[in-house]
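Below is one structure; the comments refer to it alone.
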Amino acid sequence: MDSILVKGGAELSGEIPIAGAKNTCLKLMCASLLSEDPLTLTNVPRLSDVRTLTTLLQSLGCEVAFAQNGGVMMISAADLTSHEAHYDIVRKMRASFNVLGPLMGRDGRAVVSLPGGCAIGARKVDFHIAGLEAMGAKVDLKDGYVHASAPQGLRGAEIEFPFASVGATENVMCAAVRAKGTTVIKNAAREPDTVALADCLIAMGADIEGAGSSEMVIRGVDALRGATHPVITDRIELGTYMIAPAIAGGEVELLGGERHLVASLADKLEGIGVEVTQTNRGLKVARKNGRVAAVDVTTAPFPGFPTDLQAQMMSLLCTADGVSHLEETIFENRFMHAPELIRMGADITVSGGTATVRGVERMRGAPVMATDLRASVSLILAGLAAEGETLVSRVYHLDRGYERLEEKLSNVGALVERVAA
Ligand code: EPZ
Numbered sequence: 001m002d003s004i005l006v007k008g009g010a011e012l013s014g015e016i017p018i019a020g021a022k023n024t025c026l027k028l029m030c031a032s033l034l035s036e037d038p039l040t041l042t043n044v045p046r047l048s049d050v051r052t053l054t055t056l057l058q059s060l061g062c063e064v065a066f067a068q069n070g071g072v073m074m075i076s077a078a079d080l081t082s083h084e085a086h087y088d089i090v091r092k093m094r095a096s097f098n099v100l101g102p103l104m105g106r107d108g109r110a111v112v113s114l115p116g117g118c119a120i121g122a123r124k125v126d127f128h129i130a131g132l133e134a135m136g137a138k139v140d141l142k143d144g145y146v147h148a149s150a151p152q153g154l155r156g157a158e159i160e161f162p163f164a165s166v167g168a169t170e171n172v173m174c175a176a177v178r179a180k181g182t183t184v185i186k187n188a189a190r191e192p193d194t195v196a197l198a199d200c201l202i203a204m205g206a207d208i209e210g211a212g213s214s215e216m217v218i219r220g221v222d223a224l225r226g227a228t229h230p231v232i233t234d235r236i237e238l239g240t241y242m243i244a245p246a247i248a249g250g251e252v253e254l255l256g257g258e259r260h261l262v263a264s265l266a267d268k269l270e271g272i273g274v275e276v277t278q279t280n281r282g283l284k285v286a287r288k289n290g291r292v293a294a295v296d297v298t299t300a301p302f303p304g305f306p307t308d309l310q311a312q313m314m315s316l317l318c319t320a321d322g323v324s325h326l327e328e329t330i331f332e333n334r335f336m337h338a339p340e341l342i343r344m345g346a347d348i349t350v351s352g353g354t355a356t357v358r359g360v361e362r363m364r365g366a367p368v369m370a371t372d373l374r375a376s377v378s379l380i381l382a383g384l385a386a387e388g389e390t391l392v393s394r395v396y397h398l399d400r401g402y403e404r405l406e407e408k409l410s411n412v413g414a415l416v417e418r419v420a421a
């Protein structure tokens, strides 16, 4: 398995292009199942998660073709040959569970493996199931699979989620677009990825109001048509590369970056001494002198501070001047990076859902590894500022969500290279 070697101490300068959003692209790919006509996606990121979902769609009978070196993807779901998403694929990537809503919306039947827990938490799917049941689906859980059916078709319903779950909002929205009647989703997720999915469904002929607010109204239509739709900018990749010059020093322009996608992070960075400027090409981020100040951060659903940037922010605060508290409210086990950062000389105490970070002047390189995507990238960021070499193993996590990471960082002066196993 490959590793990434980071030599700390280099200041960053230059430009990084930001790719299309992983978590949007995966949901748009699932939405292709809702139409017999082809869906063409542009600005597709080149990631292993996209390849995994491609394999799943192909196993259902979809034809998938790529153009422009993988940046454009055409999916035809004209003739589905299966309605079963196997454990072998779903266990690799939870986003696969989001074929459930589209299959139910299209044909009123689906068998989808339960994804199970993962390194960051239990990650239940009870809201997804309750939503479909409210729409008239019969759902049985057997042998580790969700067996869902609605032989008479789904009907619109009023659904209020106990928590604004991204995946459940998206699954229920996809099921509702071809249901009979009107569905109202209360306490809906407001994430840009969810809005982007609604925009794509609207381009395919769906009738959806209120995406981006807590209440969505979806009036079912008989059929959806094909469309060509762009994947929005990846706000988590953007946020990750905003933190890079904040940690390493220097100035980097993140091409395609838009402040509204990462406003909570931009506000925090500005508050601790990092400059963030919107330009007509993207976001320019600079730290020109001294250490950043400490700050408290609490993760929350959008527009709050994203849980997917908590690990990267922790790496930054490890060398801040003062004591910071990071509270994780979305997932119950998302501090696995803390023990690895401690091995690099950080001073962190975790108690329940809160990590207390006492900033140190300098971290030291070490061999480290992480068990999820964002934790892995946080260790690379920490390595940028550490003294000496940091070797991050289990790089396959990074390849799930960061396109050409070592190339993008090297291009702005970071000393980062992939070491083949
Ligand atoms: C999405 O996961 C993202 N994944 C995650 O990105 C992201 O961290 C998360 O949203 C929060 O923003 C994709 O879009 C593919 P949730 P999702 O349902 O949909 C609980 C990354 O690094 N819950 O909003 O699974 C759940 O356990 C990843 O790219 C239930 O209890 O997140 C969690 O504590 C990781 N029952 C909370 O809600 C349910 O039925 C939020 O989960 C559903 C969720």
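Quick note on numbering: the sequence shown equals residues 1 to 421 in UniProt numbering. All residues carry an ideal CB built from backbone N, CA and C; glycine is no exception. Since the model is a prediction, treat every value here as computed from it, not as a measurement.
When the beta-carbon positions are compared, residue 157 and residue 187 stay at least 8 Å from each other. The beta carbon of residue 32 lies closer than 6 Å to those of 39, 75 and 77 in the same chain, with the five residues before and after it left out.
For secondary structure counted as the beta strand (DSSP E) over 3 or more consecutive residues, the region 91-119 holds these complete runs in sequence order: 109-113.
Straight across, the Cα-Cα distance linking residue 311 with residue 133 is about 36 Å.
Proximity of the beta carbon of residue 140 to the ligand EPZ is not indicated: no heavy atom of the ligand is located closer than 7 Å.
C-alpha of residue 258 to C-alpha of residue 17: approximately 12 Å in a straight line.
Not one heavy atom of the ligand EPZ lies closer than 7 Å to the C-beta of residue 265.
Going by C-alpha positions, residue 125 is about 45 Å away from residue 288. The region 174-184 makes contact with the region 209-219: 3 or more CB pairs, one atom from each, lie closer than 8 Å.
Within the region 177-212, the runs of alpha helix (DSSP H) at least 4 residues long that lie entirely inside it are, in chain order, 192-203. In this structure, the ligand EPZ has no non-hydrogen atom nearer than 7 Å to the beta-carbon of residue 54. In the DSSP assignment, the residues bridged to residue 121 are 118.
Less than 8 Å divides the Cβ of residue 265 from the Cβ of residue 309. If you look at residue 267, you'll find it in the alpha helix (DSSP H) that goes 263-271. Contact check for residue 370 and residue 379: beta-carbon distance about 6 Å, within the 8 Å limit, so the pair qualifies. Placement of the Cβ of residue 128 at a distance of less than 7 Å from at least one heavy atom of the ligand EPZ is found.
DSSP, reduced to helix, strand and coil, places residue 369 within a strand of the structure shown. The beta carbon of residue 193 sits closer than 7 Å to at least one heavy atom of the ligand EPZ. By the criterion of at least three beta-carbon pairs nearer than 8 Å, the region 264-280 is not in contact with the region 198-212. Following the DSSP letters along the chain, one finds residue 54 inside the alpha helix (DSSP H) bounded by residues 48-59. For residue 308, the shortest separation between its Cβ and any heavy atom of the ligand EPZ lies below 7 Å. The region 183-201 makes no contact with the region 237-245; the number of CB pairs closer than 8 Å stays below 3.
Taking C-beta separations shorter than 7 Å and ignoring five residues to either side along the sequence, the partners of residue 403 in its chain run 19, 45, 46 and 47, following chain order. In the three-state DSSP reduction, residue 173 falls in the helix class (H, G or I). Residue 112 has its CB no nearer than 7 Å to any heavy atom of the ligand EPZ.
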